[in-house]
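Residue numbers (the numbering used here), protein chains in the order written: chain R, 156 to 594; chain Y, 156 to 594. Input: a single structure, listed below in structure tokens.
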């Protein structure tokens, strides 16, 4: 993409209403624009990152055997009356009346809708296990939206729902999501720690939150230090036998504030193993059994011919919130440092003197070769000063820059910059280009 | 995808509430499930087609120089008060009040929001031309939703918005979208005819609808027959000089019912050139100049230093509606016939006797080889009868089937079926597989 034809409105000043670093940087780097309290438009660069995160989530859900559907944003209130949650949910639910005076709502979650889909088509244990997920906009009418996309009102969520014939099978489904979550967060460069959590309005008795540690986290969390550095199991696991991977983690103490038991924490960890920190929730999984299937009559006939309510769980990832969480975990005083897996562009190509014949020719050659190799390049061919170009590239956090200037080029050289380390090196045009083409 | 692990709930009976063939087939083939009047959940197969259509639209927008953003589904009523449309829009606008009694609405279109984004960041002619588009869910509270996704309430729309410094440049932007639309509909196997159209609540004085001819179309259209078979210009055009491609088409008579002038029609066409048919609108483009930029003060400074309102146009494609339109244009009495570019799977692999060692081995080999070659395969390894398998594959419209049965395999042969032509041929396993791998 040629920058002069792109829409990348970076800001020089930090907007005064942003309190945390991710919100400030998302506004300054031109990722989002607020349209109402807690409601954002996604500008081109922000949307690219959002789509990359979404795609990682999708791939890991598919790998774990979940099947993608798409549920509507608006739902019938009557479904929530069936489950009994309509009156319970409170003011965070955005209630809507259509022209025929029918009660709708903007879905804050979709247990009722997915149960309605399931009961319409599935009757037999032979069709199970089943896990249906979707990545769709949700709305929660927060009383005080803040922190940008971290606590917005309209937000993008991946929500998966598992259906099983019995509890043993449902726990396998829970474990598949548990491991899929470890894997997908790791692919985004995040260290997410699973912690026993309160089930809140979703219900059930088994639940884990996946927490990123960050000073600006919304809540206090407590865990065994080893959990932070324990990598993810990776994709090459036996997806039907994950107990070992799950137990290895759940054996260590980890709890959110609501579930924390200080005496137990001190009993189960030594002083130097004890970590208390602020945390950001990026995922939340629940096993709640028959909470929705029983009142909504999502019944399954087992091999014994007996009908019983499906055993269900639900599994959320805050897709739009993850942009904020990743920035909280990965930035410096110059701006965002995107992990390569979610970076909006693979690299920036910076022409220090557009109009100079040699610079233009070298840049066009590099741009064409990199694009042909499938690399996604932001080519800065604007008339801005070099300092402004470097500052912008650093602010928006593109992992690599290839810098082409007249002096270096006279000797056949260009500069390569790494955003994360700040390292720069000068080398021959062809060798830098080859390296970037190979990724 | 192994069918036994997928969620493909096809129906034997045609639902009684569906009136047109696309709606019937979308329900029967398990593409959608109604959740409320005019509000649908997208089941796995329907979502795959929706994503393919969306991606074609995206690629052709990008090719034409438009830049993707994403605007929220909910919008501030105050923005619509600025443009003067809030009171005009009528009951099709779903009006919402949040917990703080602030007026919101579910966007039926986004001229106001995009103008708000534009005016926040763009001041100079140097940043123009600019075209921002998004693919997002919209809501129009139709008094009588019907025909499935063809006239739903919650629907997926691609809407693009162009900003230019003067009318000449804005007309070039209009022409780029005009040609992009011809190209993108052709990629989906559709013959879309551009027709002079009424501008309705969007406003302006220049507008074309892109119309698919189908017996079940919602309105009567009138056009010169040559327009139907005229083919799209394709991607290799001079995107800054498209007048010829546009004029070649607009020179021929084509009008929707609201704009039709029978006397002129008869004057400009001979009897055998005259076509009057039912049509389905799949795209609509508008040039409306300063209608939004003037009241909302989206001002641009020109090279002369003088400020003026941006010249704007907007360009819609009904992405979810296109599934219905494509099915109306491409089906037979057995079911849907997807054009290959939007088919949910490239091919079906049908195992006629799962459990038979030779059949299973051949199918597994073919499945692995096809997947490795990047082909998206639906592998039917269920215990259903062969007749049920064929009927299902035909109903859901997968372009090709490779059929593996014990009799053929004993002689080293498999069968290849083409959904569109109905042709079947028997040939050696390896040669059929090679042909499918090559596409």
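Backbone N, C-alpha and C define an ideal beta-carbon position, used for all residues, glycine too. As the structure is a prediction and not an experimental result, all values here were calculated from the model.
Measuring CB to CB, does residue i end up less than 7 Å from residue j?
i              : j              : result
residue 335(Y) : residue 215(Y) : yes
residue 113(R) : residue 229(Y) : Beyond the ends of chain R as shown, which are 156 and 594, falls residue 113(R); an answer cannot be given.
residue 238(R) : residue 284(R) : no
residue 472(Y) : residue 434(Y) : no
residue 574(R) : residue 554(R) : yes
residue 465(R) : residue 448(R) : yes
residue 315(Y) : residue 338(Y) : no
residue 364(R) : residue 295(R) : no
residue 275(Y) : residue 348(Y) : no
residue 499(Y) : residue 166(Y) : no
residue 440(Y) : residue 320(Y) : no
residue 196(Y) : residue 188(Y) : yes
residue 198(R) : residue 224(Y) : yes
residue 190(Y) : residue 234(Y) : no
residue 184(Y) : residue 474(Y) : no
Check residue i in the structure and name its three-state DSSP category.
i              : result
residue 486(Y) : strand
residue 320(Y) : coil
residue 246(R) : helix
residue 258(R) : strand
residue 346(R) : coil
residue 335(Y) : helix
residue 303(R) : helix
residue 169(Y) : coil
residue 441(R) : strand
residue 417(Y) : helix
residue 579(Y) : strand
residue 292(Y) : strand
residue 476(Y) : helix
residue 208(Y) : helix
residue 467(Y) : strand
residue 534(R) : strand
residue 452(R) : coil
residue 600(Y) : Because chain Y spans 156 through 594 in this model, residue 600(Y) falls outside it and cannot be assessed.
residue 550(R) : helix
residue 230(R) : strand
residue 375(R) : strand
residue 557(Y) : strand
Give me the Cβ distance between residue i and residue j, rounded to the nearest whole Å; I'm assuming they're in contact under 8 Å.
i              : j              : result
residue 249(R) : residue 260(R) : 6 Å
residue 207(Y) : residue 497(Y) : 5 Å
residue 301(R) : residue 534(R) : Residue 301(R) to residue 534(R), Cβ: 37 Å. No contact.
residue 477(R) : residue 437(R) : 6 Å
residue 277(R) : residue 226(R) : Not quite, the Cβ-Cβ distance comes to about 16 Å (not below 8 Å), so this is no contact.
residue 595(Y) : residue 582(Y) : No answer is possible for residue 595(Y): it lies beyond the span of chain Y, which begins at 156 and ends at 594.
residue 507(Y) : residue 560(Y) : 4 Å
residue 176(Y) : residue 371(Y) : 7 Å
residue 298(R) : residue 254(Y) : 7 Å
Nearest CA to the CA of residue i: which residue from the options?
i              : options                        : result
residue 169(R) : 163(R), 181(R), 159(R), 158(R) : 181(R)
residue 587(Y) : 565(Y), 561(Y), 504(Y), 543(Y) : 504(Y)
residue 345(Y) : 432(Y), 450(Y), 482(Y)         : 482(Y)
residue 494(R) : 211(R), 271(R), 456(R)         : 211(R)
residue 262(Y) : 289(Y), 255(Y), 281(Y)         : 289(Y)
residue 209(R) : 418(R), 343(R), 422(R), 362(R) : 343(R)
residue 443(R) : 417(R), 515(R), 547(R), 326(R) : 326(R)
residue 469(Y) : 171(Y), 177(Y), 264(Y)         : 264(Y)
residue 563(Y) : 518(Y), 544(Y), 328(Y), 527(Y) : 518(Y)
residue 391(R) : 369(R), 567(R), 569(R), 218(R) : 218(R)
residue 205(R) : 192(R), 513(R), 292(R)         : 292(R)
residue 382(Y) : 245(Y), 492(Y), 428(Y), 420(Y) : 428(Y)
Are the C-beta atoms of residue i and some chain A residue less than 7 Å apart?
i              : result
residue 539(R) : Checking the listed chains, one finds no chain A in this structure; the protein chains it contains are R and Y.
- Message: Using a Cβ-Cβ cutoff of 9 Å, what residues of the segment 183 to 200 of chain Y are near chain R? List them in chain order.
- Response: Cβ contacts with chain R: 185, 188, 190, 191, 192, 194, 195, 196, 197, 198, 199.
- Using a Cβ cut-off of 7 Å, which residues of the segment 161 to 185 of chain Y contact any Cβ in chain R, in chain order? 161, 162, 164
- Message: Please list, in chain order, the residues of the segment 482 to 500 of chain Y that have any C-beta partner in chain R closer than 7 Å.
- Response: Result list empty, no residue passes.
- Chain-ordered residues of the segment 244 to 256 of chain Y with a beta carbon less than 7 Å from chain R: 246, 249, 251, 253, 254
- Item | Near-chain Y residues of the segment 553 to 587 of chain R (beta-carbon distance less than 7 Å), N- to C-terminal order | none
- Output, in sequence order along the chain, the residues in the segment 210 to 233 of chain R whose CB is closer than 8 Å to any CB in chain Y. 220, 222, 223, 224, 225, 226, 227, 228, 229, 230, 231
- Query: What residues in the segment 404 to 419 of chain Y have a beta carbon less than 9 Å from any beta carbon of chain R?
  - Reply: none
- Item | Residues from the segment 272 to 283 of chain R in contact with chain Y, defined by Cβ distance under 7 Å | 272, 275, 276
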